[in-house]
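One structure is given below, encoded as structure tokens.
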Amino acid sequence: MEETKMKKIFVILTLVFVSVNTFSETLNFKNCKEARAKGYKNIKKGEPGYAKHLDRDKDGIACESK
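Right, here's the structure in full:
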């Protein structure tokens, strides 16, 4: 019984990990205008959608609110 529980937990965690990584790799914006149009702003380094070319002042926050 315990082994079955562990297998289920492993499968769930694997699916979550794969889903999160896939999402973050495919969320790319050409510019901040595009990001804002899709509801993204103040994107912190490490969050989905962050890219160096969107971080004007290189402070780790892309597409900052004005």
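Those letters in the sequence shown? Residues 407 to 472, by the working numbering. We put the CB at the ideal spot given by N, CA and C, even for glycine.
Within the model, the alpha-carbon separation for ALA468 versus ALA441 is close to 10 Å. Comparing alpha carbon positions, the residue from LYS451, LEU460, LYS472 closest to GLY466 is LYS451.
If you draw a straight line from the Cα of SER471 to the Cα of THR432, it is about 23 Å long.
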